[in-house]
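Encoded as structure tokens, the structure appears first; notes follow it.
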């Protein structure tokens, strides 16, 4: 009897291994604070060379109407890894702060968890910024720096949501300035570090001798090493490579300092492109290109730390097509590059104007691996695989896409129409919402992006039926806890006051 059971188990293991071997490797590269106009092939007025990203555009598919779920860091990362808008979580605005607990809910199916179920080896190398359970001296967890046991094991975070391996520095411009590898720090951050103002970094505790310039090269080297190692195995792998650039600290390595001849930011953008090239070269060198899906995108629009006017004076245009920047409800806050390469599946040089969201990555990976998502997961995610295979598909994948500003202001996009449920930018650019109210501007903004891509002519008072439709879509998506077909799901704390929702303002 025992031998028969053993034989059945062995056969099952062989079957799982065979299925895993047929599945594609998946690499998701997420740059930081890099708007859609930051890729030369997508913006002829950029004025900075990005040859490796250009190669991706020419060798794969690029989406011209892709959006991050939020115009700022943490919530977009939540959406990428869960297939769910982050405003459904406890985070209704802003970002996860220093020493904060994990944002991804315990027990929630994630992108790495889904792939791990199918036999994938999973790794996150780079910026996390989704919270950790920081070990407390004497036991338990804490969110106070002075109570943290820096010799202990950091739990939750990347290792708590499906990744087999993590290496990075959590947030590059925040303490602790130390490497974290699988829950252990590379040393006790016992030195108060102060950085020159030009980096744009916070000061704080870290390792003596920590160099901001070393961070991006090291996570790139580790990512390449991971690909080299996993390419030699029979199991498929998933690499999530959340880059630290071109976010602050603006710290190009010695190899790139002065390379652009323009500014440190331009140097850093060139280095970002080079790092993408290192990953692509590793895939090609190991002979796994045909069975590897590589996605490049970014978490939100370009930050004003880039110094737009100074760059413009030197022939660099980072705001060629869209109004606003990081943090904003305007297009410049959340319209991002989205490029996918998968030889044999995606035709070179393909383009699509489908309106998509970064939350779609999870359903796309599920579709690519023949995985059926449960109704309790990826509630806002729609597969892009159909468009990967046939970019001429014009039937909308989404009824509408939702975006979110740093202050939690909602945006609903459907076809040519976009509504902002705020009077100003909802973020950092002028006019901020308080300024807009003082100027007597309407409480909401409606734009026809086909005729008015720069969001100049507010049509909210002349198109009441469109306003009502878009408001109704948002209300439906909130109340159902999802924007895709399926059973209704709960949002965190929905029963309490949620001031950014227009109907809770009595509007």
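Residue numbers (my numbering): 25 to 531. For each residue, glycine too, the CB sits at the ideal point set by N, CA and C.
Hey, would you say residue 277 sits closer than 8 angstroms to residue 265, going by beta carbons? Counting from 1 along the chain shown, the entry for residue 277 is found at position 253. Counting from 1 along the chain shown, the entry for residue 265 is found at position 241. No; because the gap between Cβ atoms is not below 8 angstroms, this pair is not in contact.
DSSP three-state call for residue 527: helix, strand or coil? Position 503 of the chain shown holds residue 527. Correct three-state label for residue 527: helix.
For the region 152–167 against the region 278–286, are there 3 or more C-beta pairs whose distance is under 8 angstroms? Short answer: they don't touch.
Anyone know if the C-beta pair for residue 91 and residue 327 falls short of 8 angstroms? Within the chain shown, numbered from 1, the residue matching residue 91 stands at position 67. Within the chain shown, numbered from 1, the residue matching residue 327 stands at position 303. The answer is no: Cβ separation not under 8 angstroms.
To the nearest angstrom, report how far apart residue 470 and residue 308 are at their CA atoms. Residue 470 sits at position 446 when you count from the first residue of the chain shown. Residue 308 sits at position 284 when you count from the first residue of the chain shown. Going by the C-alpha atoms only, they are around 46 angstroms apart.
Which first and last residues belong to the beta strand (DSSP E) in which residue 413 is found? Taking the chain shown and counting its residues from 1, one reaches residue 413 at position 389. Where residue 413 is concerned, there is no enclosing beta strand (DSSP E), although the alpha helix (DSSP H) it sits in stretches over 409–413.
Neighbour-count burial assignment, residue 534, 16 or more Cβ in a 10 Å radius: Outside the shown range of the chain (25 to 531) lies residue 534, about which nothing can therefore be said.
Where DSSP assigns a beta bridge to residue 148, which residues make up the other side? If you number the chain shown from 1, residue 148 lands on position 124. Answer is 190, 264, bridged to residue 148.
Cα-Cα, which of 58, 237, 511 is closest to residue 74? To locate residue 74, count along the chain shown from 1; it is residue 50. If you compare the alpha carbons of 58, 237, 511 with that of residue 74, the shortest gap goes to 58.
Give the C-beta separation of residue 61 and residue 344 to the nearest angstrom, bearing in mind that I take them to be a contact with Cβ-Cβ under 8 angstroms. The count along the chain shown starts at 1 and reaches residue 61 at position 37. The count along the chain shown starts at 1 and reaches residue 344 at position 320. Correct: roughly 5 angstroms between the Cβ atoms.
Candidates 454, 252, 203: closest to residue 357 by CA position: Here residue 357 corresponds to residue number 333 of the chain shown, with the count starting at 1. Closest by alpha carbon: 454.
Identify the continuous alpha helix (DSSP H) that holds residue 427 and give its terminal residues. Here residue 427 is taken as the residue at index 403 of the chain shown, counted from 1. Premise fails: residue 427 lies in the beta strand (DSSP E), 425–428, not in any alpha helix (DSSP H).
With DSSP as the reference, label residue 298 as helix, strand or coil. By 1-based counting over the chain shown, the position of residue 298 is 274. Residue 298 falls in the helix class under three-state DSSP.
Sequence-distant residues of the same chain with beta carbon closer than 8 angstroms to residue 115, five excluded per side: Position 91 of the chain shown, counting from 1, holds the residue named residue 115. Hits under 8 angstroms: 98, 99, 102, 127.
Taking 8 angstroms as the threshold (C-beta atoms), are residue 146 and residue 188 in contact? Here the question's residue 188 lines up with position 164 in the chain shown. Here the question's residue 146 lines up with position 122 in the chain shown. In this structure, the beta-carbon distance from residue 188 to residue 146 falls below 8 angstroms.
Is the beta carbon of residue 50 less than 8 angstroms from the beta carbon of residue 389? Walking along the chain shown from the start, residue 50 turns up at place 26. Walking along the chain shown from the start, residue 389 turns up at place 365. With a cutoff of 8 angstroms on beta-carbon distance, residue 50 and residue 389 are scored as near each other.
Could you check if residue 528 is buried or exposed, using at least 16 other CB atoms within 10 Å of its CB as the buried criterion? Looking up residue 528 in the chain shown gives position 504. It is exposed - the Cβ of residue 528 has fewer than 16 other Cβ atoms within 10 Å.
Would residue 196 be called buried (16 or more neighbouring beta carbons within 10 Å of its own) or exposed? Against the chain shown, residue 196 aligns to sequence position 172. Note on residue 196: 16 or more other CB atoms within 10 angstroms of its CB, so buried under the neighbour-count rule.
Which residues bound the alpha helix (DSSP H) around residue 355? Numbered from its first residue, the chain shown carries residue 355 at position 331. 355–358 is the span of the alpha helix (DSSP H), which, as asked, contains residue 355.
Exposed or buried, residue 516, counting other C-beta atoms within 10 Å across all chains shown (16 or more means buried)? Taking the chain shown and counting its residues from 1, one reaches residue 516 at position 492. With fewer than 16 other beta carbons inside 10 angstroms of its own, residue 516 counts as exposed.
Sufficient close CB pairs (3 or more, under 8 angstroms) joining the region 133–142 to the region 116–124: Here the region 133–142 makes no contact with the region 116–124; the two share fewer than three CB pairs at distances below 8 angstroms.
Output the distance between the C-alpha atoms of residue 184 and residue 315, rounded to the nearest integer angstrom. Numbered from 1 along the chain shown, position 160 holds the residue referred to as residue 184. Numbered from 1 along the chain shown, position 291 holds the residue referred to as residue 315. One C-alpha to the other measures close to 28 angstroms.
Contacts around residue 342, its chain only, beta-carbon distance under 7 angstroms, and the 5 residues preceding and following it disregarded: As a working mapping, residue 342 is identified with position 318 in the chain shown. Around residue 342: 59, 61, 62, 326, 330, 332, 335.
Going along the chain, which residues of its own chain have a beta-carbon closer than 6 angstroms to the beta-carbon of residue 155, five neighbours each way excluded? Locating residue 155 in the chain shown gives position 131, where the first residue counts as 1. Around residue 155: 120, 124, 125, 126, 127.
DSSP state of residue 310 mapped onto helix, strand, coil: Counting from 1 along the chain shown, the entry for residue 310 is found at position 286. For residue 310, the secondary structure class from DSSP, reduced to helix, strand or coil, is coil.
Alpha carbon to alpha carbon, how far is residue 283 from residue 237? For the purposes of this step, residue 283 is taken as residue 259 along the chain shown, with counting starting at 1. For the purposes of this step, residue 237 is taken as residue 213 along the chain shown, with counting starting at 1. One Cα belongs to residue 283, the other to residue 237, and the distance between them is close to 15 angstroms.
Please classify residue 459 as buried or exposed, where buried requires at least 16 other C-beta atoms within 10 Å of its C-beta. For the purposes of this step, residue 459 is taken as residue 435 along the chain shown, with counting starting at 1. Looking at its Cβ environment, which holds fewer than 16 other Cβ atoms inside 10 Å, residue 459 is exposed.
DSSP three-state assignment for residue 224, whether helix, strand or coil: Sequence index remark: in the chain shown, residue 224 carries index 200 (1-based). DSSP places residue 224 outside both helix and strand once states are collapsed to three, so it counts as coil.
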